[in-house]
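Peer 1: Structure incoming, see below.
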Amino acid sequence: MARRWLRVREILDAQFLGIVAVLVIVTAAGGWLTYQGHVNLGTTTEQEIVSVWETNGTFTHAAAVSNENPVYDVGTTLRAQPLYLDSITPILNGSFVFQYTASESGALDLRVSQQFRKRKVVERDAGTAEIWQTTTGFGNRTAEDVEPGSTVQIPYAVNVTQARNESQQIDDRLDNPPGELQMSVFTTVTITGTVNGQEISQTREYTMPITLESGGYSVNATGATNQEETTRPVEVPQEPGTLQSVMGPLLFGIGFVGLVGLFAARARNALSLTDAERERLAFEDDRDTYDEWINRIELPGETADLPRAEADSLGDLVDFAIDTNNSVIENPDDGVFFVLHDGYRYAYEPPALDEPEGDQTDRSEPDGADANRGMFTPNELTDGEPDANAPGETSPDDADHSGE
Numbered sequence: 003m004a005r006r007w008l009r010v011r012e013i014l015d016a017q018f019l020g021i022v023a024v025l026v027i028v029t030a031a032g033g034w035l036t037y038q039g040h041v042n043l044g045t046t047t048e049q050e051i052v053s054v055w056e057t058n059g060t061f062t063h064a065a066a067v068s069n070e071n072p073v074y075d076v077g078t079t080l081r082a083q084p085l086y087l088d089s090i091t092p093i094l095n096g097s098f099v100f101q102y103t104a105s106e107s108g109a110l111d112l113r114v115s116q117q118f119r120k121r122k123v124v125e126r127d128a129g130t131a132e133i134w135q136t137t138t139g140f141g142n143r144t145a146e147d148v149e150p151g152s153t154v155q156i157p158y159a160v161n162v163t164q165a166r167n168e169s170q171q172i173d174d175r176l177d178n179p180p181g182e183l184q185m186s187v188f189t190t191v192t193i194t195g196t197v198n199g200q201e202i203s204q205t206r207e208y209t210m211p212i213t214l215e216s217g218g219y220s221v222n223a224t225g226a227t228n229q230e231e232t233t234r235p236v237e238v239p240q241e242p243g244t245l246q247s248v249m250g251p252l253l254f255g256i257g258f259v260g261l262v263g264l265f266a267a268r269a270r271n272a273l274s275l276t277d278a279e280r281e282r283l284a285f286e287d288d289r290d291t292y293d294e295w296i297n298r299i300e301l302p303g304e305t306a307d308l309p310r311a312e313a314d315s316l317g318d319l320v321d322f323a324i325d326t327n328n329s330v331i332e333n334p335d336d337g338v339f340f341v342l343h344d345g346y347r348y349a350y351e352p353p354a355l356d357e358p359e360g361d362q363t364d365r366s367e368p369d370g371a372d373a374n375r376g377m378f379t380p381n382e383l384t385d386g387e388p389d390a391n392a393p394g395e396t397s398p399d400d401a402d403h404s405g406e
């Protein structure tokens, strides 16, 4: 941890101006995004609804029982039936119902035109082809100054059984062309007047299909609704996006805090490394680089009596070990590195740093390290040459002096 912090301080000190420039850019970018997202959002144009009005047209339908039968009395009116029988209810009647609503006010004049249409059509690849068509008008009705919420009803009546027979006669005269027979009540509503203070002149069309089935007919009286809105453009503030509302303040905070912390550390001289710290970093680098040349061995006490020579760095000590074909020994007790050669202890003592207890890196021994650990005599730790000062051995010079 201490080594990592030293490395961080070294980088911060060496690249101080570059890091400051990066933090300034980050702070400026964050400030610009924050400003754009909270102060200078700008506006956007939206359409505001000023007034609304809505028209609705639908059909009611019923049929009176006109023939004797075991189920219904003659004269009974059957309303909104899913199926009407030709034999007892040949005539379909009802009303077209029109009304409108407005958010403010209105006064409309209505002209309603209704027709009964029957036609023969055939489906082609290009669409529906019409073989023949006939139209019977129900006349026109008008209503004036119709207010919002008021209902206008226009009645209609269709003898469906008779219309079916007439259609068959037309087919017979046309040699029975292929296709489908369709019937419908078609209504056109012309609208003029004023709604919500605006002049209105429009036309609406509504259709009620009559589907012919074997022995009867059914009606689809689904209504149709049309809504119209009057809008005006308004300027509204834009909402900030995620980049502006989140990333802007985050970048500004990171950049600003980083600048304050960096200049505060520089002012307290907390970034510059001392000579001891630089030496310690150099040692840590050398320790990693030359790890394969270093063995952790507990030295015997006798080695303390050997003359000691100090190396300037661990790298110098390793170079010496390589040149003399020796290994570098790291004493596990005090962490001092030695090379034993020719009766000398060549040593390098790593620079010490004030670190919290337990912060020192514990270098684990490689497999087989126990084979290199033990108590050795000085002769066994050198390159094999006899030690002139070893007990029990006499050098040639000593022999000469003893003979004198």
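In this note's numbering, the protein residues as written are 3 to 406. We put the beta carbon where it would ideally sit given N, CA and C, even for glycine.
Okay, do the stretch 261-278 and the stretch 286-304 touch, 3+ Cβ pairs below 8 Å being the bar?
Peer 2: With the cut-off at 8 Å, the stretch 261-278 and the stretch 286-304 do not touch.
Peer 1: Output the distance between the C-alpha atoms of LEU214 and PRO179, rounded to the nearest integer angstrom.
Peer 2: Looking at the two C-alpha atoms, the distance is approximately 17 Å.
Peer 1: Inspect the beta-carbon positions of GLN117 and GLY139 and report whether they are closer than 8 Å.
Peer 2: It is a contact, given that the beta carbons lie within the stated cut-off.
Peer 1: What is the rounded straight-line gap between the Cα of GLY394 and the Cα of ALA313?
Peer 2: Legend: pLDDT at GLY394 = 39, less than 50; position of this residue unreliable, no value from coordinates given.
Peer 1: Using C-beta distances below 7 Å, list every residue in its chain close to VAL238, excluding the 5 sequence neighbours before and after it, in chain order.
Peer 2: Excluding sequence neighbours, VAL238 sits near THR45, THR46, GLU48.
Peer 1: Quick check: what's the CA-CA separation for ARG143 versus PHE98?
Peer 2: Near 11 Å, if we compare the C-alpha coordinates of PHE98 and ARG143.
Peer 1: Determine the extent of the beta strand (DSSP E) in which ALA128 is found, giving its start and end residues.
Peer 2: That residue, ALA128, is in no beta strand (DSSP E); it is neither H nor E in DSSP.
Peer 1: Measuring CA to CA, which of LEU308, TYR348, VAL154, LEU301 is closest to PHE2?
Peer 2: One cannot answer for residue 2 here, as it falls past the ends of the chain, which runs 3 to 406.
Peer 1: Quick check on the DSSP output: the alpha helix (DSSP H) that includes ILE90 runs from which residue to which?
Peer 2: ILE90 -> no alpha helix (DSSP H), and no H or E assigned at all.
Peer 1: Excluding sequence positions up to five away, which residues of its chain have a Cβ less than 6 Å from the Cβ of THR196?
Peer 2: Excluding residues within five positions, the ones whose Cβ falls inside 6 Å are ALA109.
Peer 1: Can you have a look at PRO84 and say buried or exposed, based on whether 16 or more other CB atoms are within 10 angstroms of its CB?
Peer 2: The residue in question, PRO84, is exposed, as its Cβ has fewer than 16 Cβ neighbours within 10 Å.
Peer 1: So, does the stretch 201-214 touch the stretch 176-192, judging by three or more C-beta pairs under 8 Å?
Peer 2: Yes, since at least three Cβ pairs between the stretch 201-214 and the stretch 176-192 fall closer than 8 Å, the two stretches touch.
Peer 1: Run through the DSSP bridge pairs and tell me what GLU201 is partnered with.
Peer 2: DSSP output for GLU201 lists THR196 as bridge partner(s).
Peer 1: Using C-beta distances below 6 Å, list every residue in its chain close to VAL54, excluding the 5 sequence neighbours before and after it, in chain order.
Peer 2: The answer, listed in chain order, is SER105, GLU231.
Peer 1: Whose C-beta lies closer than 8 Å to the C-beta of ARG9 among residues of the same chain, with five residues either side of it excluded?
Peer 2: Closer than 8 Å at the Cβ level, and outside the excluded window around ARG9, lie LEU283.
Peer 1: What residue range does the beta strand (DSSP E) around PRO157 cover?
Peer 2: Element bounds for PRO157: 153-161.
Peer 1: So is GLY260 in contact with chain D if we call contact Cβ pairs under 8 Å?
Peer 2: Annotation note: the requested chain D is absent from the structure, which comprises a single protein chain.
Peer 1: Would you check if the stretch 118-125 and the stretch 60-68 touch, i.e. whether three or more CB-CB distances between them fall below 8 Å?
Peer 2: The stretch 60-68, when compared against the stretch 118-125, does not touch it at the 8 Å Cβ threshold.
Peer 1: May I ask which residues mark the beginning and end of the beta strand (DSSP E) holding THR326?
Peer 2: Element bounds for THR326: n/a, residue is neither H nor E.
Peer 1: Would the beta-carbon of ASP15 fall within 8 Å of that of LEU273?
Peer 2: It is a contact, given that the beta carbons lie within the stated cut-off.
Peer 1: Is DSSP giving GLN117 helix, strand or coil here?
Peer 2: GLN117 falls in the strand class under three-state DSSP.
Peer 1: Specify, as a first and last residue, the run of the beta strand (DSSP E) that ALA272 falls within.
Peer 2: Looking at the DSSP string, ALA272 is not in any beta strand (DSSP E), and its letter there is neither H nor E.
Peer 1: With DSSP as the reference, label ALA284 as helix, strand or coil.
Peer 2: Reduced to three states, the DSSP call for ALA284 is helix.
Peer 1: Considering just the uninterrupted stretch of the beta strand (DSSP E) at GLN229, what are its terminal residues?
Peer 2: Start and end: 226-239.
Peer 1: Three or more beta-carbon pairs under 8 Å between the stretch 27-35 and the stretch 250-262, yes or no?
Peer 2: Yes: at least three Cβ pairs fall under 8 Å.
Peer 1: List the endpoints of the continuous beta strand (DSSP E) containing ILE51.
Peer 2: Segment 45-66, the beta strand (DSSP E) holding ILE51.
Peer 1: Roughly how far, in whole angstroms, is the beta-carbon of SER152 from the beta-carbon of GLN101, given that I think they are within contact range, below 8 Å?
Peer 2: At roughly 6 Å, the Cβ-Cβ gap stays under 8 Å, so SER152 and GLN101 are in contact.
Peer 1: For VAL320, collect the residues of the same chain with a Cβ closer than 8 Å to its Cβ; drop the 5 residues on either side in sequence, then sort them by chain order.
Peer 2: So the list reads ASP288, TYR292, TRP295, ILE296, VAL330, once near-sequence residues are dropped.
Peer 1: Report the three-state DSSP secondary structure of LEU176 (helix, strand or coil).
Peer 2: If DSSP states are grouped into helix, strand and coil, LEU176 belongs with coil.
Peer 1: Are the Cβ atoms of VAL154 and ALA145 separated by less than 8 Å?
Peer 2: It is a contact, given that the beta carbons lie within the stated cut-off.
Peer 1: Considering only their Cβ atoms, is the gap separating SER68 from ILE93 smaller than 8 Å?
Peer 2: Yes; because the gap between Cβ atoms is below 8 Å, this pair is in contact.
Peer 1: Give the C-beta separation of GLY218 and ASP127 to the nearest angstrom, bearing in mind that I take them to be a contact with Cβ-Cβ under 8 Å.
Peer 2: So it is not a contact: roughly 32 Å between Cβ atoms.
Peer 1: What did DSSP end up calling LEU8 once you bin it into helix, strand or coil?
Peer 2: Helix at LEU8.
Peer 1: Would you call the CB atoms of THR192 and THR205 closer than 8 Å?
Peer 2: Contact flag set, yes.
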